[in-house]
Amino acid sequence: MELRIFTEPQQGANYDQLLAVARQAEETGFGAFFRSDHYLKMGSVSGDPGPTDAWTTLAGLARDTKTIRLGTLMTAATFRLPGPLAITVAQVDQMSGGRVELGIGAGWFAEEHTAYGIPFPPLGERFDRLEEQLAVITGLWETPAGSTFDFPGKYYPVSDSPALPKPVQQPRPPILLGGTGPKRTPRLAARYADEFNLPFAPVEDAAAQFQRVKDACAEIDRDPATMTWSNALVLCCGRDDAEVARRAAAIGREPAELRENGAAGTPAEVVDKLGRYAEIGSERVYLQVLDLADLDHLELVAAEVMRQV
1 MELRIFTEPQ QGANYDQLLA VARQAEETGF GAFFRSDHYL KMGSVSGDPG
51 PTDAWTTLAG LARDTKTIRL GTLMTAATFR LPGPLAITVA QVDQMSGGRV
101 ELGIGAGWFA EEHTAYGIPF PPLGERFDRL EEQLAVITGL WETPAGSTFD
151 FPGKYYPVSD SPALPKPVQQ PRPPILLGGT GPKRTPRLAA RYADEFNLPF
201 APVEDAAAQF QRVKDACAEI DRDPATMTWS NALVLCCGRD DAEVARRAAA
251 IGREPAELRE NGAAGTPAEV VDKLGRYAEI GSERVYLQVL DLADLDHLEL
301 VAAEVMRQV
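See the structure below:
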């Protein structure tokens, strides 16, 4: 199982803090550094010094790291137009030497939209727009050089596009889709996703949603083995109960709750929890790191957990 680091900078982080975590993740052998794409803090934290833009951050990390893969869980389709987003991701892919992955979703956090003047359509329309965005982004990237791309969309019609620039990764960077929706989410994943991610879900729920996506793959004659299956879990690992409790307190959570719902406890407990997800076919887990100042946390997991999974 591949372990990746996942951060939530809207809860309070600047670029230098994110860079420190990304470099620590790179040096200790994690497969990727991902970040959320949100413009407003959640819960009782201050969120200071304020939000950072996901793709601006990843552009900086593309130049300030060397080998680790970089991506979003998940870019909100409501934040960006598909053509400019395709350009941005392709450019960051070039800047990183081909290390970028695009996680994208319909968007869900209404308050961040009203806080920054971003339109927030009803759920059905958001999914309609996401579907068109996926068609446009993949179409632009996969159009052969020298050809043009057209798309007769309702929300994002494209005409005579040169479909440039091209990303380094061919035919395109990996696309991640995810979520718990029982119908449209599996269908979109089967059609467009290279990876399906289910965050913060119990093993049984993850298994059920993986099966829905596999069934959607079967409906279009896609081999489910061509999909990467992943989960995300909050991380709280300690050498002993005291260290677990200290790390839980630092993020405002209770050890018992984290042990039930996250990747929490001693290294042995975390290995056991990850093993349960591996049994249902999960190939990657994104470990949500909420205390960005605690770089020793990553070192512990790399030394005591990663080698066992």
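Take 1 as the starting number for the sequence shown in UniProt numbering and just add one per residue.
All C-beta atoms in this analysis are idealised placements derived from N, C-alpha and C, irrespective of residue type, glycine included.
Predicted model, so just to flag it, every value in this text is computed and none were measured.
Tell me the residue span of the alpha helix (DSSP H) that contains residue i.
i: residue 269; result: 267-279
i: residue 254; result: Note, residue 254: premise wrong, no alpha helix (DSSP H); not H, not E.
i: residue 112; result: 110-115
i: residue 160; result: Note, residue 160: premise wrong, no alpha helix (DSSP H); beta strand (DSSP E) at 158-161.
i: residue 148; result: Residue 148 -> no alpha helix (DSSP H), and no H or E assigned at all.
i: residue 41; result: No alpha helix (DSSP H) holds residue 41; DSSP gives it neither H nor E.
i: residue 62; result: 54-64
i: residue 83; result: 82-96
i: residue 120; result: Careful: residue 120 lies outside any alpha helix (DSSP H) and carries neither H nor E.
i: residue 212; result: 203-219
i: residue 225; result: Looking at the DSSP string, residue 225 is not in any alpha helix (DSSP H), and its letter there is neither H nor E.
i: residue 296; result: 295-304
Name the two residues that bound the continuous beta strand (DSSP E) containing residue i.
i: residue 105; result: 100-105
i: residue 7; result: 2-7
Measuring CA to CA, which of the options is closest to residue i?
i: residue 119; options: 94, 77, 100, 92; result: 77
i: residue 180; options: 167, 41, 164, 202; result: 202
i: residue 125; options: 106, 71, 117; result: 106
i: residue 175; options: 207, 130, 152; result: 130
i: residue 68; options: 234, 28, 159, 110; result: 28
i: residue 178; options: 170, 172, 195; result: 195
i: residue 100; options: 115, 110, 58; result: 58
i: residue 108; options: 98, 33, 297, 122; result: 122
i: residue 65; options: 48, 75, 92; result: 92
i: residue 53; options: 277, 250, 38; result: 38
i: residue 113; options: 79, 155, 89, 144; result: 79
i: residue 236; options: 291, 134, 159, 264; result: 264
i: residue 1; options: 300, 292, 280; result: 280
i: residue 253; options: 274, 226, 290; result: 290
i: residue 273; options: 251, 306, 249, 293; result: 306
i: residue 300; options: 134, 240, 250, 228; result: 240
i: residue 158; options: 135, 223, 75, 127; result: 135
i: residue 207; options: 222, 282, 228, 154; result: 282
i: residue 62; options: 30, 75, 34, 96; result: 96
i: residue 155; options: 170, 146, 145, 127; result: 127
List the whole-angstrom C-beta distance separating residue i from residue j, where the pair is believed to meet the contact cut-off of C-beta under 8 Å.
i: residue 103; j: residue 73; result: 5 Å
i: residue 232; j: residue 199; result: 4 Å
i: residue 213; j: residue 94; result: 31 Å between Cβ atoms; not a contact.
i: residue 60; j: residue 15; result: 6 Å
i: residue 12; j: residue 41; result: 7 Å
i: residue 308; j: residue 234; result: Residue 308 to residue 234, Cβ: 19 Å. No contact.
i: residue 20; j: residue 295; result: 7 Å
i: residue 24; j: residue 298; result: 5 Å
i: residue 143; j: residue 149; result: 4 Å
i: residue 230; j: residue 172; result: Contact doesn't hold; Cβ gap of about 19 Å is too wide.
i: residue 193; j: residue 222; result: Between residue 222 and residue 193 the Cβ distance is about 10 Å, and since that is not below 8 Å, they are no contact.
Can you pull the DSSP bridge partners for residue i?
i: residue 230; result: 197, 284
i: residue 236; result: 264
i: residue 177; result: 196
i: residue 76; result: 105
i: residue 32; result: 69
i: residue 289; result: 7
Inset, instruction - Pair every Cβ in the stretch 7-18 with every Cβ in the stretch 253-269, then say whether three or more of these pairs are closer than 8 Å. - result: no
Legend entry - Stretch pair the stretch 157-165 + the stretch 138-146: three plus CB contacts closer than 8 Å: yes
Legend entry - Stretch-stretch touch, CB-based, cutoff 8 Å, three pairs: the stretch 237-250 with the stretch 215-228: Result no; under three Cβ-Cβ pairs closer than 8 Å.
Inset, instruction - Determine, using beta-carbon pairs with one atom in the stretch 266-282 and one in the stretch 181-188, whether at least three such pairs fall under 8 Å. - result: no
Legend entry - Any 3 or more C-beta pairs closer than 8 Å across the stretch 30-48 and the stretch 82-92: no
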